[in-house]
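K.L.:
Residue numbers (the numbering used here), protein chains in the order written: chain A, 255 to 369; chain B, -9 to 104. All C-beta atoms, glycine included, are put in the ideal place defined by N, C-alpha and C. My questions will all concern the structure given below.
Below you can see the structure in the form of structure tokens.
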């Protein structure tokens, strides 16, 4: 596609429920990154995928967070048993490759609100 | 570890005046530096990057940034600010030792008043 697409754009969920956030990267981009932007805080790296390599999960804040990338394209970030502190904007980005000197292209994000 | 710092949480500028948003970095090896802008309820938009070459980098919307190796800085500048430039600005370094992920500064809120 022309850009990185994320869905839904907004999600309100009850505490304790599971949520799935979707990212559709730019076609041909092999690297995919998830970030979290909490109110009043900066951008926190969560996880990245590069081709068929094992993902770098070092930024995931707890074992309630997981992500997968099917077929080297679409990625899903899953948050289980959501907590209020999970409320944030979740941003996805893609790039041509982890070694490519160009920047990443970001989606518009999913705003998650846990009530 | 690679890091960037934006020392100002907020910058206020009058329309038509020059603006500077500061960024300093700490990296091992050659730095790959970026500026992104975030408008309200929007994702991040790429403004410009420094990979190698000229220290003065020109980017989108009339913005430019100066790479200064001795001061380890990469300040964002614009000669004449517009009200529409009001947004959140992020400096970032791309860490190729960690999968090419972007490491961001904490962001600077730019407010341009008429």
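#1: Assuming residue 34 of chain B contacts residue 28 of chain B under a Cβ cut-off of 8 Å, what Cβ separation, rounded to an integer in Å, is found between them?
#2: If contacts are defined as beta-carbon pairs under 8 Å, then residue 345 of chain A and residue 325 of chain A qualify, I think. What distance do you get, rounded to the angstrom?
#3: Would you kindly check if the distance between the Cβ of residue 332 of chain A and the Cβ of residue 320 of chain A is under 8 Å?
#4: Could you name the residues of the same chain whose beta carbon sits closer than 6 Å to that of residue 67 of chain B, not counting the 5 residues immediately before and after it, in chain order?
#5: Does residue 319 of chain A have its Cβ less than 8 Å from a Cβ in chain B?
#6: Measure the beta-carbon distance from residue -4 of chain B to residue 85 of chain B and round it to whole angstroms, keeping in mind my assumption that it falls under 8 Å.
#7: Please state whether DSSP places residue 88 of chain B in a helix, a strand or coil.
#8: Identify every residue that forms a DSSP beta bridge with residue 41 of chain B.
#9: I want to verify the contact list: residues of chain B whose CB lies under 8 Å from the CB of residue 310 of chain A, in sequence order.
#10: If we define contact as Cβ-Cβ less than 8 Å, is residue 9 of chain B a contact residue for chain A?
#11: In angstroms, rounded to a whole number, what distance separates the CA positions of residue 302 of chain A and residue 309 of chain A?
#12: By DSSP, does residue 274 of chain A sit in helix, in strand, or in coil?
#13: Among A:293, A:294 and A:312, which has the Cα closest to the Cα of residue 300 of chain A?
#14: Consult DSSP for residue 338 of chain A and reduce its assignment to one of helix, strand or coil.
#15: Could you name the residues of the stretch 284 to 313 of chain A whose beta carbon sits closer than 7 Å to any beta carbon of chain B, in the order they occur along the chain?
#16: One question on the structure: do residue 24 of chain B and residue 82 of chain B come within less than 8 Å of each other, judged by their Cβ atoms?
#17: Less than 8 Å between the C-beta atoms of residue 348 of chain A and residue 356 of chain A, yes or no?
#18: Using a Cβ cut-off of 7 Å, which residues of the stretch 338 to 351 of chain A contact any Cβ in chain B, in chain order?
#19: Any Cβ of chain B within less than 8 Å of the Cβ of residue 326 of chain A?
#20: Does the Cβ of residue 293 of chain A have 16 or more other Cβ atoms within 10 Å, making it buried, or fewer, making it exposed?
#21: Below 8 Å on the Cβ atoms is my guess for residue 46 of chain B versus residue 75 of chain B; work out the distance and round it to an integer in Å.
#22: Select from the stretch 256 to 286 of chain A all residues with a C-beta closer than 7 Å to any C-beta belonging to chain B, and list them in chain order.
#23: Would you report the Cα separation of residue 366 of chain A and residue 360 of chain A, rounded to the nearest angstrom?
P.N.:
Walking through what the data contain:
#1: Yes, they are in contact, since the Cβ atoms of residue 34 of chain B and residue 28 of chain B sit about 5 Å apart, within 8 Å.
#2: The C-beta distance from residue 345 of chain A to residue 325 of chain A rounds to 22 Å, too long to meet the 8 Å contact threshold.
#3: By the CB criterion at 8 Å, residue 320 of chain A and residue 332 of chain A fall inside the cutoff.
#4: Cβ within range, chain order: 10 and 54.
#5: With respect to chain B, the C-beta atom of residue 319 of chain A has no partner C-beta closer than 8 Å.
#6: Actually they are not in contact, since the Cβ atoms of residue -4 of chain B and residue 85 of chain B sit about 17 Å apart, beyond 8 Å.
#7: Three-state result, residue 88 of chain B: helix.
#8: None, per the DSSP bridge assignment.
#9: Residues of chain B passing the Cβ test: 88, 89 and 91.
#10: Answer no: the Cβ-Cβ gap between residue 9 of chain B and chain A never drops below 8 Å.
#11: Whole-angstrom Cα-Cα distance: 6 Å.
#12: Strand at residue 274 of chain A.
#13: Scanning A:293, A:294 and A:312 for the CA closest to the CA of residue 300 of chain A turns up A:312.
#14: Helix at residue 338 of chain A.
#15: The residues in question are 285, 287, 296, 297, 299, 302, 304 and 310.
#16: Going by C-beta atoms, residue 24 of chain B is nearer than 8 Å to residue 82 of chain B.
#17: Not a contact, by the Cβ cut-off of 8 Å.
#18: Those residues of the stretch 338 to 351 of chain A placed with their C-beta closer than 7 Å to a C-beta in chain B are 345 and 349, ordered along the chain.
#19: No, its Cβ sits nowhere closer than 8 Å to a Cβ of chain B.
#20: Exposed is the call here.
#21: Distance from residue 46 of chain B to residue 75 of chain B at the Cβ level is roughly 19 Å; contact not present, criterion being Cβ atoms closer than 8 Å.
#22: Answer set for the stretch 256 to 286 of chain A: 285.
#23: If you take the alpha carbons of residue 366 of chain A and residue 360 of chain A, they lie about 17 Å apart.
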